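Numbering (UniProt numbering), first residue to last: 3 to 312.
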Amino acid sequence: KIPVIIDCDPGHDDAIMLMLAFGSGKFDVRAVTTSAGNQTQEKTLANALKILTLIEARVPVYKGCEKPLLRNLMISDYVHGETGLDGPILPSPVFQAERMSAMEGIAKILTESDEKITIVPTGPLTNIATFLLAFPHLKNKIERISLMGGGIFRGNMTPLAEYNMAADPEAASIVFGSGVNITMCGLDVTHKALVFQKDIEAFRAIGNHTGKAAGDMLDFFSKFYRENRVELDGGAALHDPCAIAWLIAPDMFTSKQCYVDVETQGTLTLGATVVDFYNVLHKTPNVEVVYDMDRDRFMDLLIEAIRQLP
Ligand code: BDR
Ligand code: CA
Numbered sequence: 003k004i005p006v007i008i009d010c011d012p013g014h015d016d017a018i019m020l021m022l023a024f025g026s027g028k029f030d031v032r033a034v035t036t037s038a039g040n041q042t043q044e045k046t047l048a049n050a051l052k053i054l055t056l057i058e059a060r061v062p063v064y065k066g067c068e069k070p071l072l073r074n075l076m077i078s079d080y081v082h083g084e085t086g087l088d089g090p091i092l093p094s095p096v097f098q099a100e101r102m103s104a105m106e107g108i109a110k111i112l113t114e115s116d117e118k119i120t121i122v123p124t125g126p127l128t129n130i131a132t133f134l135l136a137f138p139h140l141k142n143k144i145e146r147i148s149l150m151g152g153g154i155f156r157g158n159m160t161p162l163a164e165y166n167m168a169a170d171p172e173a174a175s176i177v178f179g180s181g182v183n184i185t186m187c188g189l190d191v192t193h194k195a196l197v198f199q200k201d202i203e204a205f206r207a208i209g210n211h212t213g214k215a216a217g218d219m220l221d222f223f224s225k226f227y228r229e230n231r232v233e234l235d236g237g238a239a240l241h242d243p244c245a246i247a248w249l250i251a252p253d254m255f256t257s258k259q260c261y262v263d264v265e266t267q268g269t270l271t272l273g274a275t276v277v278d279f280y281n282v283l284h285k286t287p288n289v290e291v292v293y294d295m296d297r298d299r300f301m302d303l304l305i306e307a308i309r310q311l312p
């Protein structure tokens, strides 16, 4: 099993990502840490505890930063609703977050681990950047960072910036410049990870609580996509599960090792991931940039994972 720490801001697609991480049986999840992003820290933390309660996964949960490094918090309630996870009725959490902060929790786990650990961020990168700044000597205990964010050719927050990058560009720049191996699942690939009405029905048809919650969640989430992303032909983009799916089956994806930096100054391009796809700068590539996938295999992976859960 791959030892991982998951840093997320649930969030509908974050919640499906957690279902995939736990249901696949491929991961030794050492902790879940929460980022402020789709909703406030208080709400994403509560949602993480609820999802873990729903799927009966009891791992340490650590509360992350309340706001981006330098900027104001920019929630995306227009996609994820007032709670950050509108739609399903979720159980009240049966356990609480640890007392330590996310940054301290990550440091503790890396320090105590004999193996290197993979970090999977699916929200703004504030917690990971904070950790890297505070504990630079622990960098060599990170196997890889497999994240959802950015894109080669497009944005969804601004024309060129994806939400997780745009929400905390300075944090993203610190992570991309850290020297740690990075896999980036950006919008190029996640806009191919489309879930359609028939897939939502297939989740429900599994017949367990998790499948029903996934279905109810995606009914809400899809509405935004149907109304605002007509180019996706009625599909909703399951962004965050891609960062986990790549670790399970990298052969399901197409990617290229490229040099990537994040724009922290530009007025039109703030938060854009600048991907040197053709290596015109002749810099050493630092990121495995994922840009295509086999959608049907991805959907099978999700269904099989959800089937294993309560
Ligand atoms: C990203 O932004 C959030 O709304 C999603 O959870 C995903 O992590 C997509 O741009
Ligand atoms: Ca997310």
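Glycine included, C-beta positions come from ideal geometry on N, C-alpha and C. Just so we're clear, the structure is a prediction, and the values are computed from it rather than from any experiment.
ask   = What separation, rounded to the nearest whole angstrom, lies between the Cα atoms of L220 and G236?
value = 12 Å
ask   = What are the boundary residues of the beta strand (DSSP E) that includes residue 316?
value = This structure gives no information on residue 316, because the portion of the chain shown stretches from 3 to 312.
request  = Give the DSSP bridge partners of F255, in chain order.
outcome  = M295
task = Assess, as a yes-or-no matter, whether the segment 112-124 is touched by the segment 58-75 under the definition of 3 or more beta carbon pairs within less than 8 Å.
result = no
inquiry  = Using only CA atoms, which one of A207, F205, M150 lies nearest to M167?
reply    = M150
ask   = Given a threshold of 16 other Cβ atoms within 10 Å of its Cβ, counted over all protein chains shown, does Q43 qualify as buried or as exposed?
value = buried
ask   = Do you know how far the Cα of S103 is from the Cα of residue 2?
value = Nothing about residue 2 can be reported from this structure: the residues present for the chain run from 3 to 312 only.
key: Where T35 falls: helix, strand or coil (DSSP)   = strand
message = Using C-beta distances below 7 Å, list every residue in its chain close to R228, excluding the 5 sequence neighbours before and after it, in chain order.
response = G236
Contact test: C260 Cβ vs ligand 2 heavy atom, cutoff 8 Å = no
inquiry  = Relative to the C-alpha of G153, which candidate in S26, R146, D294 has its C-alpha closest?
reply    = D294
request  = Per DSSP, which residues does I119 bridge with? Please list them.
outcome  = I144
Beta-bridge pairing of M186 - partner residues as DSSP gives them = L149, V291
ask   = Heavy atom of ligand 1 less than 8 Å from the Cβ of V177, yes or no?
value = no
ask   = Is there at least one non-hydrogen atom of ligand 2 closer than 8 Å to the beta-carbon of G89?
value = no
key: Close-in-space but distant-in-sequence residues of the same chain around R156 (CB under 6 Å, 5 per side omitted)   = L189
query = Any idea what DSSP makes of A59, helix, strand or coil?
reply = coil
Which of helix, strand or coil DSSP assigns to F133 = helix
ask   = Residues in its own chain within less than 8 Å of P93 by CB, not counting five upstream and five downstream?
value = K52, T55, L56
task = Classify L272 as helix, strand or coil using the three-state DSSP reduction.
result = coil
request  = Taking all protein chains shown into account, decide if I91 is buried (16 or more other Cβ within 10 angstroms of its Cβ) or exposed.
outcome  = exposed
query = What are the boundary residues of the alpha helix (DSSP H) that includes C244?
reply = 243-250
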